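A.B. asks: Residue numbers (our numbering), protein chains in the order written: chain A, 90 to 351; chain B, 1316 to 1811.
In structure tokens:
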């Protein structure tokens, strides 16, 4: 009798301990699920980052003609600026008047070569954002004349919480929406932002770069423009076994809370 | 002249002893730097756990290494002359305090005590008291002493003091009911008393029932203490009495008014009192008595809890660092013995931190996506786990498992010493008649096992950092297995 009593007491004690452990584990699992739910419900701000390319003067001279205006699209190898240097032209003329002097001829060739640098072409496809010179203004060597935004590698920078980061990894296709253009862009995760260069406010957030799947589409986006990253799950995702367990627990807890509310 | 420290330490062990402080400093410089803080509360827990662990490693290190480094001429000179007992005849009493232990165990001890070769009188001090033990005393023709119920205060120490009133030998030996001495016990140890300052000669507790899991673990955990720590303490003249298998000088004990009257750990208190009076103690590093280690969970916890209570009450009530008459060496050595029992908190913290990480993704150190932590931790880990391995030759799983499980008796002892609860002394091996709820003793272990396994499942849902989660899950699994092995083996013996 005593033995049976102690056996029952042991068993019930054992079950209480196990129940306690299960409750703790379940509640933290539910919290985890809710966190990821909240993460995927919110839309996340994504910032467009375009590479800025400065156009520098190749050599000393005077701006003869500017072929583009601010905001204009340029193609690669399109002529941007023509420059001139009257002194150099005069020098070449003077040197060429001595056709029998070899060193003078050599110097004239060098000056001609320098003249080629007076026609400046665009290095990339892009948009002109800033022009700091006018036609006729004198320019020193290596001064910045204009800036372009490259259309080559347009990136999106997104700051994510841990849960959002996990949610993104589980999605097959990611889309960013632009209010201004009323258009969706398909994007792909690229690299993490190195933590040393991150200047975000919250240390716990992860900076993640995205690239556009179709970069020609993204040309119409502006630098620093905010897009909305959408984390809604698409339908055709295979369920893992644990997901069934989780959905079971959620339904159990939901039923419990509903009964309480009544 | 004879050295008691005869055990040679292997070169590999020596190397690890030398490396230990560097790896510990390397790790501590990382952990104790708040830049690497993760969650602040978990970080505080981590600091407490690591702090205690590091203090204990440092204590072991200082004790063993300083002893090794001492040159031969500087070491304590212990006189030992075998001829002394031939030229001097001394009277010896052998006391066996008994409290409701199983009869066959008592009989084994009594028969061994009677058989010792040096002439002596044997006394059985029955605190039970029971008729069977009385008959046993008659059978072996030894004195039977039972305390009358009205003066039954102070468990073992009261019992021995009452027995001392009935005997008058110049020396007396004490054996617990489960420690059977060898034939040569008295003749080997008595020559130490040629030195008139020696009050106590202690021999190790050696356990023979190592076929049992828990007993094996306990025995090996004791081994490091008796093989390395006690001999080292001996060279500081601070080896202390462990409650059984020792020989006392009666004059010294009479001078301090008998065995110290406390409810538990009267052994270490008595030694402190002797050292305060300027008496010396000697540790004889050879097995001269075969004991029995606890072989089930309850007796193991009873033993650990008794020792831990002794350690904590000494630490809080009579801290050896501030006892005036002790030498500096003795103070430090006693202090080191006390701090060992704080490891209960370290173990608990190390057990729950992986679970918290898996359940909530909170971590004490900001080690995510970074290799700093493993670089600092791995050397420290290797030192901490391989130092005992090299000191002992091999490390049983049972040893780690029982050490891990002992966090509960330690913490329980800490709380009850803190709350000043009254304690009733129960022998490690007492007759199991009363009903016991085993779950009452192992619920923290069961809880941690179950929660570890569940936490691994929860941790792998929506994994953020795969590497960390893998390592932490591995640890949670190892912890769960070790605790499970402890419970499984501790229970099996009981119900077969």
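Yeah, the Cβ is synthetic: ideal placement off N, Cα and C, and Gly gets one too. These numbers come from a predicted model, not from an experiment.
#1: If you compare alpha carbons, which of B:1796, B:1757 and B:1779 is closest to residue 102 of chain A?
#2: Interface residues of chain A around residue 1356 of chain B at Cβ under 7 Å?
#3: Closest to residue 1549 of chain B by C-alpha separation, out of B:1566, B:1509, B:1595 and B:1574, would be which residue?
#4: For residue 1698 of chain B, go through chain A and note every residue whose CB falls closer than 7 Å to its CB, in chain order.
#5: Any idea what DSSP makes of residue 311 of chain A, helix, strand or coil?
#6: Pick helix, strand or coil for residue 1779 of chain B, following the three-state DSSP scheme.
#7: Can you list, in chain order, the residues of its chain with a C-beta nearer than 6 Å to that of residue 1441 of chain B? Leave out the 5 residues immediately preceding and following it.
#8: If the cut-off is 9 Å on Cβ atoms, which residues from the stretch 230-248 of chain A count as contacting chain B, listed in chain order?
#9: For residue 1551 of chain B, name the three-state secondary structure that DSSP assigns.
#10: Whole angstroms are fine: how far does the CA of residue 1455 of chain B sit from the CA of residue 1419 of chain B?
#11: Run the CB neighbour count on residue 1622 of chain B, radius 10 Å, all protein chains shown included, and call it buried at 16 or more, exposed below.
#12: Are at least three pairs of beta-carbons, each pair with one atom in the stretch 1619-1635 of chain B and one in the stretch 1723-1734 of chain B, less than 8 Å apart?
#13: For a test of the three-state rule: what should DSSP assign to residue 1601 of chain B, helix, strand or coil?
#14: Is residue 1728 of chain B helix, strand or coil by DSSP?
#15: Could you confirm whether any beta carbon from chain B is found closer than 7 Å to the beta carbon of residue 102 of chain A?
#16: Within 10 angstroms of its Cβ, does residue 1511 of chain B collect 16 or more other Cβ (buried), or is it exposed?
#17: Does the beta carbon of residue 146 of chain A sit closer than 7 Å to a beta carbon anywhere in chain B?
#18: Under 8 Å between beta-carbons, which chain A residues line up against residue 1753 of chain B? List them in chain order, please.
#19: Please classify residue 1611 of chain B as buried or exposed, where buried requires at least 16 other C-beta atoms within 10 Å of its C-beta.
#20: Grab me the residues of residue 1652 of chain B's own chain with a C-beta within less than 6 Å of its C-beta, minus the 5 sequence neighbours each way, in chain order.
#21: Under 7 Å between C-beta atoms, does residue 1602 of chain B make it to chain A?
#22: Can you name the start and end residues of the beta strand (DSSP E) that residue 270 of chain A belongs to?
#23: Quick one: Cα of residue 93 of chain A to Cα of residue 1754 of chain B, how far?
#24: Since I believe residue 1792 of chain B is in contact with residue 1771 of chain B (beta carbons under 8 Å), could you give me their beta-carbon distance rounded to a whole number of angstroms?
#25: Here's the rule: buried if 16 or more other CB atoms are within 10 angstroms of the residue's CB, otherwise exposed. What is residue 1581 of chain B?
#26: Let me know the secondary structure DSSP gives residue 1419 of chain B once reduced to three states.
#27: Give a yes or no on whether the minimum CB-CB distance between residue 107 of chain A and chain B is below 7 Å.
#28: Applying the 10 Å Cβ sphere with the 16-neighbour rule, what's the burial state of residue 1493 of chain B?
#29: Using only alpha-carbon positions, find the residue among B:1436, B:1459 and B:1731 that is nearest to residue 1446 of chain B.
#30: Evaluate residue 1748 of chain B with the Cβ neighbour count: other Cβ atoms within 10 Å of its Cβ, from every protein chain shown; 16 or more gives buried, anything less gives exposed.
#31: Whole angstroms is fine: what's the gap from residue 1579 of chain B's alpha carbon to residue 1536 of chain B's?
#32: Tell me the DSSP bridge mates of residue 1596 of chain B?
#33: Would you mind sorting residue 345 of chain A into buried or exposed? The rule is 16 or more other CB atoms within 10 Å of its CB.
#34: Identify the continuous alpha helix (DSSP H) that holds residue 184 of chain A and give its terminal residues.
#35: Would you say the stretch 239-254 of chain A touches the stretch 178-190 of chain A, given that touching needs at least three Cβ pairs under 8 Å?
#36: Quick check on residue 1750 of chain B: does DSSP put it in helix, strand or coil?
C.D. replies: Reading from the atomic positions:
#1: B:1757
#2: Those do not exist, as residue 1356 of chain B stays about 16 Å from chain A at its closest Cβ, beyond 7 Å.
#3: The option with the nearest alpha carbon to residue 1549 of chain B is B:1595.
#4: Here the premise fails: no neighbours, minimum Cβ distance about 31 Å.
#5: coil
#6: In this structure, DSSP gives residue 1779 of chain B a state outside helix and strand, which the three-state scheme calls coil.
#7: The beta carbon of residue 1441 of chain B sits closer than 6 Å to the beta carbons of 1413, 1448 and 1461 from its chain, once the five residues preceding and following it are set aside; these are given in chain order.
#8: none
#9: coil
#10: Near 14 Å, if we compare the C-alpha coordinates of residue 1455 of chain B and residue 1419 of chain B.
#11: buried
#12: Three or more beta-carbon pairs separated by less than 8 Å link the stretch 1619-1635 of chain B to the stretch 1723-1734 of chain B, which places the two stretches in contact.
#13: coil
#14: helix
#15: Yes, residue 102 of chain A lies at the interface with chain B (some Cβ there is under 7 Å from its Cβ).
#16: exposed
#17: So no, residue 146 of chain A is outside the interface.
#18: 99
#19: Label assigned to residue 1611 of chain B: buried.
#20: none
#21: no
#22: Run containing residue 270 of chain A: none; DSSP gives neither H nor E here.
#23: Rounded to whole angstroms, residue 93 of chain A to residue 1754 of chain B spans 15 Å at the Cα level.
#24: For residue 1771 of chain B against residue 1792 of chain B, the beta-carbon gap comes to about 7 Å, under 8 Å, which counts as contact.
#25: buried
#26: Reduced to three states, the DSSP call for residue 1419 of chain B is helix.
#27: yes
#28: By the neighbour-count rule (16 or more Cβ atoms within 10 Å), residue 1493 of chain B is buried.
#29: It is B:1459 whose Cα lies nearest to the Cα of residue 1446 of chain B.
#30: With a pLDDT of 46 at residue 1748 of chain B, under the threshold of 50, the predicted position of this residue should be treated as unreliable, though the coordinate-derived value follows. Under this definition residue 1748 of chain B is an exposed residue.
#31: 21 Å
#32: B:1515
#33: It counts as exposed.
#34: 175-185
#35: no
#36: Any reading at residue 1750 of chain B must be qualified, since the residue scores a pLDDT of 49, below 50, and its modelled position is unreliable; no value is offered.
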